[in-house]
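Numbering (the numbering used here), first residue to last: -18 to 75. Note that CB positions come from ideal geometry on N, CA and C, so glycine has one too. For reference, the structure is listed below as structure tokens.
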């Protein structure tokens, strides 16, 4: 499964909690808007929303992110070689 990309990581027996917490810390450092939209899209997949409809929502959310300060902050942080400071400004209205 790892070799063909179905899973991202394999951990030793008894290490799952630590690996999950490390993943959670990584997710927590990401844009709150992007994380919220990702969770929404995962929820669509779990509920069996048809792929075409889910992709339409994905495109919509991608465009919505440009109504936030996230793209500017992400680029500025990358160019400044610093961690992004997400502030939830410019939350898109749906």
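Given a cut-off of 8 Å, decide if residue j and residue i are closer than it, judged by their beta-carbon atoms.
i, j, result
"residue 38", "residue 25", "yes"
"residue -8", "residue -18", "no"
"residue 46", "residue 52", "yes"
"residue 64", "residue 57", "no"
Between residue i and residue j, what straight-line distance do the alpha-carbon atoms span, to the nearest angstrom?
i, j, result
"residue 74", "residue 23", "Per-residue confidence for residue 74 stands at a pLDDT of 48, beneath the threshold of 50, marking its modelled position as unreliable; the derived number appears in the next sentence. Each residue's alpha carbon lies about 21 Å from the other."
"residue 10", "residue 55", "12 Å"
"residue 40", "residue 14", "14 Å"
"residue 20", "residue 43", "13 Å"
Let me know the secondary structure DSSP gives residue i once reduced to three states.
i, result
"residue 28", "coil"
"residue 68", "coil"
"residue -10", "coil"
Taking the alpha helix (DSSP H) that residue i falls in, what are its first and last residues?
i, result
"residue -1", "-3 to 9"
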